[in-house]
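Note that the sequence shown covers residues 4 to 133 in my numbering.
Following: one structure in structure tokens, then a few remarks.
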Amino acid sequence: MGTISSIKEGSTFGLQTLTASSLFLGCLVIFGISYYLFRIFFLIDRRDFFSKIALHAVKMIRYLFIAEFVILLGIMPFVYYTADHGDAPGLIIIVGAVVFLPLAIATFVYTMEQILDNSIKMKDENDLTI
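Shown next as structure tokens:
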């Protein structure tokens, strides 16, 4: 009943279901990322970006990008099946690059998170000096 048996039987219903559910869950995660980005823009508008609330939002964005990467891995079996039967091996490389893109963005967001954390610490030290 799983994806391996559907490949053996020649049925693609399991692969199509896995791909469609992965894309749907991926869209939900993107809505979560948009929500936290909106919260960050709201903090910037209030001139309160260097706070723990913004740091929490950046952490959540990083976690959601990692979740997006894991969810998008669900489309790879269908892409493999399509590339194998359509004689298009370059399709796997192209879709693999798209799937790994959220992981690269999560790495960049982690770097920005560390910079924000150091900036918050420096701001707190600066506020304590006379």
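Here a beta-carbon is modelled for each residue, glycine too, at the ideal position from N, C-alpha and C.
Since the structure is predicted, the reported quantities are computational estimates derived from the model, not experimental observations.
Query, Result
"If you count every other CB in all the chains shown that lies within 10 Å of the CB of P92, and 16 or more means buried, which is it?", "exposed"
"Measure the CB-CB distance between I43 and A60 and report whether it falls below 8 Å.", "yes"
"What does the alpha-carbon distance come out to for the pair P80 and E116?", "33 Å"
"Can you check which of these residues, N121, L31, A107 and L76, is closest to I95 by C-alpha distance?", "L76"
"To the nearest angstrom, how far is the alpha carbon of C30 from that of A109?", "17 Å"
"Following the continuous alpha helix (DSSP H) through I97, name the residue where it begins and the one where it ends.", "G93 to L131"
"What separation, rounded to the nearest whole angstrom, lies between the Cα atoms of V82 and L26?", "13 Å"
"What residues in its chain sit with their C-beta under 7 Å from that of L119, if we drop five residues either side in the sequence?", "A57, L58 and V61"
"Rounding to the nearest angstrom, what Cα-Cα distance links I64 and V98 in this structure?", "23 Å"
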